[in-house]
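First the structure, in the form of C-alpha cells, and then the observations on it.
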Ligand code: ATP
C-alpha cells in the first residue's frame, strides 16, 4: 500500500495576506506517492498561493498560513525554511520560470547545482538534465534570456531535477506555450514521474 500513501497532505488550510486579505479557506488535497495531481482553477483563484503555502514562500509576500496544516512525507512543514524544504525533497517550479537571463544554460545549471546542493556541478548533473531536455543540450552555450518561453520552462524543470526532489510543485507549466510545446512539456513531466518516481502537484488555469 506504500505506493498510494500520500507524499503530501494539505489539511483544511487558510491563507491570509497582509493580515487582512483571506485568499484560501478550507482547502484540502493530497498527492499520493509517485502520482501526478492537477489542481485547476480560474485566474486569481489561489493556485499559486496554494503552492507557496506548501513551499513556505508565503512569508516573503506578507502572507501567512493561519489555519490548517501541511505534511510532507508525514512531517509537518510549518516553520521549515524554504531551502530546508528543498533539501528534504520539495521543489517549487514557480510561475514565470525565473532563470538567470544573462547566464548561459550551462551556467544556469552550475548556479542551480551550487545553490541547491552546495556542491560543484558535475557532468552527471548536466547529463541528467539533457537526457530529458535534449533541446537544452543543443543550446547549452546560449544565453538563457534568448530562449523561448518553452525552453525556459524546460530549464526551470531541469534545474528541479538537479535537486533530486521527491515532489515537484509546478505552477502553470503551460503558460504562454504553443499547443505543440505544451504537449512536449507534459510528455516530459510524465516521463520524469514514471522513470524517477517523482510525485507532482501541478496547477493550471481552466478555460
Ligand atoms: P493566476 O492564475 O492569476 O496566477 P492564482 O490562482 O495563482 O491566479 P494567486 O496568485 O494565488 O492566484 O492569487 C490569489 C488571490 O490572492 C488574488 O486575488 C491575488 O490578487 C491575491 N494575492 C496574491 N498575492 C498577494 C499578495 N502578496 N498580497 C495580497 N494579495 C495577494
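Numbering (my numbering), first residue to last: 1 to 207. Think of the CB as a built atom: it goes at the ideal place given N, C-alpha and C, for glycine as much as any other residue. All of these numbers come straight from a predicted model, not from anything done at the bench.
Taking the C-alpha atoms as reference points, what is the distance between residue 87 and residue 73?
Working through the chain shown from its first residue, we reach residue 87 at position 87. Working through the chain shown from its first residue, we reach residue 73 at position 73. Each residue's alpha carbon lies about 13 Å from the other.
Report all residues from its chain with a CB closer than 6 Å to the CB of residue 113; omit the five preceding and five following residues, and keep chain order.
Translated into positions along the chain shown, residue 113 becomes position 113. Only 121, 125, 162 meet the Cβ criterion.
Can you pull the DSSP bridge partners for residue 32?
On the chain shown, residue 32 is found 32 positions in, with the first residue counted as 1. Answer is 6.
CB of residue 33 to nearest heavy atom of the ligand ATP: below 7 Å?
Position 33 of the chain shown, counting from 1, holds the residue named residue 33. No, the ligand ATP has no heavy atom inside 7 Å of this Cβ.
Between residue 11 and residue 28, is the Cβ-Cβ spacing less than 8 Å?
Here residue 11 corresponds to residue number 11 of the chain shown, with the count starting at 1. Here residue 28 corresponds to residue number 28 of the chain shown, with the count starting at 1. Yes, these two residues count as a Cβ contact at 8 Å.
Indicate whether residue 185 and residue 144 have their beta-carbon atoms separated by less than 8 Å.
Here residue 185 is taken as the residue at index 185 of the chain shown, counted from 1. Here residue 144 is taken as the residue at index 144 of the chain shown, counted from 1. Not in contact: residue 185 and residue 144 (Cβ atoms no closer than 8 Å).
According to the neighbour-count rule (16 or more other Cβ atoms, all chains shown, within 10 Å of its Cβ), is residue 156 buried or exposed?
Translated into the one-based positions of the chain shown, residue 156 becomes position 156. So residue 156 counts as buried.
Does the segment 89–97 touch the segment 167–184, meaning 3 or more C-beta pairs lie closer than 8 Å?
yes
Nearest-angstrom Cα distance between residue 4 and residue 200?
Taking the chain shown and counting its residues from 1, one reaches residue 4 at position 4. Taking the chain shown and counting its residues from 1, one reaches residue 200 at position 200. If you take the alpha carbons of residue 4 and residue 200, they lie about 14 Å apart.
So, residue 23 versus residue 6, is the Cβ gap smaller than 8 Å?
As a position in the chain shown, residue 23 is number 23, starting the count at 1. As a position in the chain shown, residue 6 is number 6, starting the count at 1. Their beta carbons are not under 8 Å apart, which means residue 23 does not touch residue 6 by this criterion.
At what residues does the alpha helix (DSSP H) containing residue 203 begin and finish?
Here residue 203 refers to the residue found at position 203 of the chain shown. From DSSP, residue 203 is part of no alpha helix (DSSP H) but of the beta strand (DSSP E) over 199–205.
Beta carbon of residue 46: closer than 7 Å to some heavy atom of the ligand ATP?
Here residue 46 corresponds to residue number 46 of the chain shown, with the count starting at 1. Yes, since a heavy atom of the ligand ATP falls inside the 7 Å radius drawn around the Cβ of residue 46.
Taking the continuous beta strand (DSSP E) assigned at residue 171, which residues delimit it?
Within the chain shown, numbered from 1, the residue matching residue 171 stands at position 171. Taken as a continuous stretch (DSSP letters only), the beta strand (DSSP E) holding residue 171 covers 167–171.
For residue 206 versus residue 40, is the C-beta distance shorter than 8 Å?
On the chain shown, residue 206 is found 206 positions in, with the first residue counted as 1. On the chain shown, residue 40 is found 40 positions in, with the first residue counted as 1. Yes, the Cβ-Cβ distance between residue 206 and residue 40 is below 8 Å.
Report the partner residues of residue 11 according to the DSSP bridge assignment.
For the purposes of this step, residue 11 is taken as the residue at position 11 of the chain shown. Answer is 69, bridged to residue 11.
Between the C-alpha atoms of residue 194 and residue 129, what's the straight-line distance to the nearest angstrom?
Residue 194 sits at position 194 when you count from the first residue of the chain shown. Residue 129 sits at position 129 when you count from the first residue of the chain shown. In a straight line, the C-alpha of residue 194 is about 16 Å away from that of residue 129.
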